[in-house]
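Trainee: Residue numbers (our numbering): 28 to 725.
Listed below in structure tokens is the structure:
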């Protein structure tokens, strides 16, 4: 009987162990967007890594700019379990609007699913879950004030067995709710997970501040486990090596070298040869190699696999100079700089089998001033490449590259010229880099920032200028003529096609005909559209070898126009107010806080691929909603000809309030010299139908 009891207890222990929460993903954000478990790696855009972390056990943090930075993790059903816990460290710089450090949500035309964490405009942390009910039916939980500029540990959970959701702030329970149908997991439309932004697409509700150590479990952790998580960090997962460096990277015989490292999730760490066991997290040790030596650091943790990294220290060796391998002088759709812009960049390569110090070296675009820009302290890894932007970051160049051709030189800390493009590199083309091909010749290249270059480009897509944009709206029955100037760059033009779309119908294709002075044109027939409809278009010009140019280029799904466009005049409109034409494919999504993408036409300007959603708290339930429209960088909204363009606008519906009351008091305050919004009345038509009178507020 005793043996049976012991066996039964052992089986219970095994079953209990198998039901414990499993770590699904862990994004430490220590220099990249990788999942430590290796299953759910993210891709970053406009994120700056390397900020000081939340605690001494979380490594470094990632910085998000509040306007475009985001990390996208591809959808996987494993990241959307029935029960879950999500934890993170956050340090907000602003509470000016809704901002989401982590979102995994899914808005269909008829229902909402998934989860998200918000800091709201009232300065509170929020945990929202989609109920699977009608569009907009989010279960909202608020708890805990947002402390600007301070690290805060946030954890949210949902237990499917008890139908309970919880919000923890700094290890303490800030909100709890138990009821049926509080959470329906992301899945009907398989939307990605986003770190640093919200909405299904990740193109809105951008977080402004720092995020560190994001982790996801497939179980609701207990309050004790949440507290331990905050105190001791994310347990489990394989070890990872954030940094392993040697300083200096090469020496004369008899000199010392300091090896330093930063490691996560390790129970033992060792360095070979001739070092042995070292500190498990962060540390350094001085070595004196007698000859060129490759050191290997090995980290072993509770989970497999072990992590290793190597670094070579050169002894009594001649260090090869770094070289300029590639640069891009006209970045239209390529690599995004840390400040969120697409800036010029220069790539340096370290040809040595050991790291080299780049601090003190110089770049210049002026042959009479070789020390125009001096690199701050830093290293380029063995055989590695490093990108330097002409942006607003700390390591940014203090000059921009000329796309018409210019001088460019690299010199060492003593001012000795190492390499130069003299008297000037040739004229450059947008999104085409210049540098050393794989065969060692200087040529135009397909940009490959941070890795070895490929072969030279035989052809470059045609140059497209002046594609018809914001034409006068044609009247019903009037054809719409579209034209552009298209010239060859490298390679003959084989074809020029215009693709147009009426409303949200099927794209149709027209061939553009060449006229005088490289002017191409075609006609969208009046029979294709009716009064009040939206017509949009883009052009693709292609060379004989297939190199193409798209106008507009549409480099970013959330921050650029997919089409140019206009509306067809509607003679039946007889209102006195300015008319805003709003077009949206998914009306149901537009009438939720989750929002969707759409297009606007207002006072001669067409805006494509903007973000739109309802706004307000209690007013969100009004039959006639208030709305917010967000415009992408480079094409902000012109609400008044003499006024500065704005990134976002609000339009108010007022519902039961008088249309005069709010506008009158704002006008009075402005006339009195007080600070107050400017307002103007608008008549909004959505997809050609009247929505009614609204007030624009700026």
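Glycine included, each C-beta is placed from N, C-alpha and C at the ideal position.
Keep in mind the model is a prediction, meaning the values are calculated, not measured.
Return the chain-ordered ranges of every beta strand (DSSP E) run that is complete within the segment 270 to 308 and spans a minimum of 3 residues.
Mentor: 284 to 291, 295 to 299, 303 to 305, all fully within the segment 270 to 308.
Trainee: Determine the DSSP secondary structure at residue 168, reduced to helix, strand or coil.
Mentor: Looking at residue 168 - three-state DSSP - the assignment turns out to be strand.
Trainee: State yes or no: is the C-beta of residue 680 within less than 9 angstroms of the C-beta of residue 655?
Mentor: Cβ distance not < 9 angstroms, so residue 680 and residue 655 don't count as in contact.
Trainee: Could you check where the alpha helix (DSSP H) with residue 257 kicks off and where it finishes?
Mentor: From DSSP, the alpha helix (DSSP H) with residue 257 extends over 250 to 259.
Trainee: So which of 283, 310, 285, 284 has the shortest CA-CA distance to residue 296?
Mentor: Answer by Cα proximity: 310.
Trainee: Say whether the segment 77 to 87 touches the segment 142 to 150, bearing in mind that this needs 3 or more beta-carbon pairs closer than 8 angstroms, one atom from each stretch.
Mentor: Too few Cβ pairs lie closer than 8 angstroms, so no.
Trainee: Can you name the residues that DSSP bridges to residue 92?
Mentor: In the DSSP output, where bridge partners are listed per residue, residue 92 has 235.
Trainee: Is residue 625 near residue 227, with beta carbons less than 9 angstroms apart?
Mentor: No, the pair does not count as a contact, with Cβ atoms beyond the cut-off.
Trainee: How far does the alpha helix (DSSP H) with residue 615 in it reach, from first residue to last?
Mentor: Its alpha helix (DSSP H) spans residues 614 to 617.
Trainee: Going by DSSP, what residues sit across from residue 416 in a beta bridge?
Mentor: The partner list for residue 416 (beta bridge, DSSP) reads 372.
Trainee: Unbroken beta strand (DSSP E) runs of length 3 or more, entirely within the segment 494 to 571: which are they?
Mentor: Segments of the beta strand (DSSP E) lying fully in the segment 494 to 571: 507 to 514, 520 to 529, 535 to 538, 546 to 551, 561 to 570.
Trainee: Can you say whether residue 500 is buried or exposed, counting buried as having 16 or more other CB atoms within 10 angstroms of its CB?
Mentor: It is buried - the Cβ of residue 500 has at least 16 other Cβ atoms within 10 Å.
Trainee: With DSSP as the reference, identify every bridge partner of residue 323, one or two as the case may be.
Mentor: Residue 323 pairs with 299, 337.
Trainee: Are residue 81 and residue 245 close, meaning C-beta to C-beta below 9 angstroms?
Mentor: The answer is no: Cβ separation not under 9 angstroms.
Trainee: Which word fits residue 333, buried or exposed, when buried means at least 16 other C-beta atoms lie within 10 angstroms of its C-beta?
Mentor: Exposed is the call here.
Trainee: So residue 623 and residue 606 are in contact, right, with Cβ under 8 angstroms, and what is the actual spacing, rounded?
Mentor: Incorrect: roughly 22 angstroms between the Cβ atoms, too far for contact.
Trainee: Going by the beta-carbon positions, is the gap between residue 434 and residue 371 smaller than 9 angstroms?
Mentor: Not a contact, by the Cβ cut-off of 9 angstroms.
Trainee: At 4 residues or longer, and completely inside the segment 569 to 631: list those alpha helix (DSSP H) runs for me, N to C.
Mentor: Counting whole runs of 4 or more residues, the segment 569 to 631 contains the alpha helix (DSSP H) stretches 614 to 617.
Trainee: Considering only the beta carbon of each residue, do residue 457 and residue 358 sit closer than 9 angstroms?
Mentor: For residue 457 and residue 358, yes; Cβs fall inside 9 angstroms.
Trainee: How about residue 236 and residue 93: do their beta carbons lie closer than 9 angstroms?
Mentor: Contact flag set, yes.
Trainee: In terms of residue numbering, what span does the alpha helix (DSSP H) encompassing residue 697 cover?
Mentor: Start and end: 688 to 698.
Trainee: Could you give the distance in angstroms between the alpha-carbon of residue 106 and the alpha-carbon of residue 181?
Mentor: Their Cα atoms are separated by approximately 18 angstroms.
Trainee: List the whole-angstrom C-beta distance separating residue 342 from residue 316, where the pair is believed to meet the contact cut-off of C-beta under 8 angstroms.
Mentor: Right, their Cβ atoms sit about 5 angstroms apart.
Trainee: Do residue 473 and residue 467 have their CB atoms nearer than 9 angstroms?
Mentor: Cβ distance not < 9 angstroms, so residue 473 and residue 467 don't count as in contact.
Trainee: Which class does residue 126 belong to by DSSP, given the choice of helix, strand or coil?
Mentor: The answer is strand: DSSP assigns residue 126 an E or B state.
Trainee: Within a Cβ cutoff of 6 angstroms, which residues of the same chain sit near residue 60, ignoring the five residues on either side of it in sequence?
Mentor: Hits under 6 angstroms: 69, 71, 98.
Trainee: Determine which residues share a DSSP beta bridge with residue 350 and list them.
Mentor: Residue 350 pairs with 376.
Trainee: To the nearest angstrom, how far is the alpha carbon of residue 189 from that of residue 65?
Mentor: One C-alpha to the other measures close to 31 angstroms.
Trainee: Taking DSSP's pairing of strands, which residues face residue 194 in a bridge?
Mentor: Paired residues: 183, 202.
Trainee: Counting pairs of Cβ atoms below 8 angstroms between the segment 552 to 566 and the segment 589 to 599, do you hit three or more?
Mentor: Yes: at least three Cβ pairs fall under 8 angstroms.
Trainee: Quick check: the segment 150 to 159 against the segment 194 to 214, are at least 3 beta-carbon pairs closer than 8 angstroms?
Mentor: Touching, yes.
Trainee: With contact counted as at least three CB pairs below 8 angstroms, one residue from each stretch, are the segment 50 to 57 and the segment 256 to 269 in contact?
Mentor: Yes: at least three Cβ pairs fall under 8 angstroms.
Trainee: Quick one: residues in its chain with C-beta nearer than 8 angstroms to the C-beta of residue 28, no 5 flanking neighbours on either side, listed in chain order?
Mentor: Reliability fails at residue 28, whose pLDDT of 36 lies under 50, so the model's placement of it is uncertain and no value is given.
Trainee: Out of curiosity, what's the CA-to-CA distance linking residue 380 and residue 123?
Mentor: Residue 380 and residue 123: Cα-Cα distance of roughly 49 angstroms.
Trainee: Measuring CB to CB, does residue 140 end up less than 9 angstroms from residue 215?
Mentor: Closer than 9 angstroms, so yes.
Trainee: Is DSSP giving residue 702 helix, strand or coil here?
Mentor: Residue 702 falls in the coil class under three-state DSSP.
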